[in-house]
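This report refers to the structure that appears directly beneath it.
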Amino acid sequence: MQVFTEKMKAADLALANYRLLYVFPCFGLGLGLGEMTVRQMCERNGISTPLFLLVCNLYSFDDYFPDMNVLTQIPLADLMLYLGNSHRDYLKNRIPAVIDKVVNLMEDCKLKNGKILMEFCEKYRQEVVAHLKYEEETVFPYIRELLGGSKATGYQIKEYELNHSNIDDALNDLKNILIKYLPPDCSVEKCRNVLIELFLFDSDLRKHTLLEDQILMTLVERIEKNSE
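Below is the structure:
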C-alpha cells in the first residue's frame, strides 16, 4: 500500500481518489492546486499536514491506520474543526442532495408508496441531526475543557462510544428498498443517480465514523489518562 505523503503533489491526491473532493472543502480548500506539494498547500492555508494526510489516507485506503507516531502529531482542536465542518456539509449539502434525488425519482417513477419513502428520508435526516447535535453540544465542549487544562467531571469519552449511534444503517435500508422493490417500469437509469449518491455518502459516513471512533477517541483517552 503506497500511502499519500507530504512530498506528493496536492492535485495528485484528488486525481487518485475523486472522493477526496468531499474532504478538501472541509479543510477550507478549493481547487486550482497547481504544482504545490501537500506540505506547501497545507502550510499556505494554515492546515496541519499530518492531520490532512491522515484524513486523506484514511478515506482512500481501507487497510490504512496510523501508528502512534502519526497520532501524536495530530492537533486535536484541528481534528474537531474538520469534523465540525463535515457535520455542516452533511446537513447543508449532502443530505439535501440525497433527498432531492429521491424526490425526483418519486416524481419520475410515480411511486405509489412515495410518501412512505419520504417519511423514511425525513426520519433519517432527524437521526443525523440528533447524532451531530450530541457531538457538537456534549462531546466537543468536553474535549475543549480537557484541552484547556480543566479536569472535567461527570463525563468521560467512553460515554461517547456508548451513545454513538450508527447513522449509516438507515442508508443501507434505503439502498435495499431502491434496488429490491422499485417497480419494473422505473428503469436503472432513473434510479442510478440516487444510488450513486447514496453509495458515495455511505462510504463517506463510514470513514467519518472511523475517524471519530478510532482516532478522536484514542486521542481523547490519552489526554484523560494523562490528566488523572
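Counting in this note's numbering, the sequence shown runs from 2 upward without gaps.
C-beta atoms are modelled at their ideal positions from N, C-alpha and C, and glycine is treated no differently.
Quick caveat: nothing in here was measured; it's all calculated off a predicted structure.
Straight-line CA distance for LEU201 to ARG20?
8 Å
Pick from ARG193, ARG207, GLU213, ARG223: whose alpha carbon is nearest that of VAL103?
ARG193
Assign MET42 to buried or exposed, taking buried as 16 or more other Cβ atoms, counted over all protein chains shown, within 10 Å of its Cβ.
buried
With distances taken Cα to Cα, identify the nearest neighbour of VAL221 among HIS209, TYR182, CYS122, TYR156.
TYR156
Let's test the definition: count the other Cβ atoms within 10 Å of the Cβ of ALA11 and tell me whether it reaches 16, buried, or not, exposed.
buried
Please report how far the alpha carbon of PRO142 lies from the alpha carbon of ILE48, in whole angstroms.
22 Å
With three or more beta-carbon pairs closer than 8 Å as the criterion, would you say the segment 23-32 touches the segment 80-95?
yes
Report the residue from LEU175, VAL4, GLU120 whose alpha carbon sits nearest the alpha carbon of PHE53.
VAL4
What would DSSP say about THR210, mapped onto helix, strand or coil?
helix
Assigned exposure category for ILE216 - 16 Cβ within 10 Å defines buried:
buried
Could you give the first and the last residue of the continuous alpha helix (DSSP H) run that contains PRO51?
50-61
Got a sec? Which residues, its chain only, sit under 7 Å from VAL71 by beta carbon, not counting five neighbours each side?
PRO51, LEU55
Selection from LYS226, LYS181, LEU211 that minimises the alpha carbon distance to LEU59
LEU211
Enclosing alpha helix (DSSP H) for TYR182 [first to last residue]:
170-182
Is GLU198 near ALA131, with beta carbons less than 8 Å apart?
no
If we call anything under 8 Å between Cβ atoms a contact, is LEU172 one with LEU196?
no
Separation of PRO185 from SER61, as counted between CA atoms
36 Å
How should LEU16 be labelled, buried or exposed, when 16 other C-beta atoms within 10 angstroms of its C-beta is the threshold for buried?
exposed
Are there 16 or more other CB atoms within 10 angstroms of the CB of GLU160, so buried, or fewer, so exposed?
exposed
Can you find the residues in the same chain that come closer than 7 Å, C-beta to C-beta, to ASP79, ignoring five residues on each side of it along the sequence?
SER49, LEU52
What residues in its chain sit with their C-beta under 8 Å from that of TYR83, if we drop five residues either side in the sequence?
CYS27, PHE28, LEU52, VAL56
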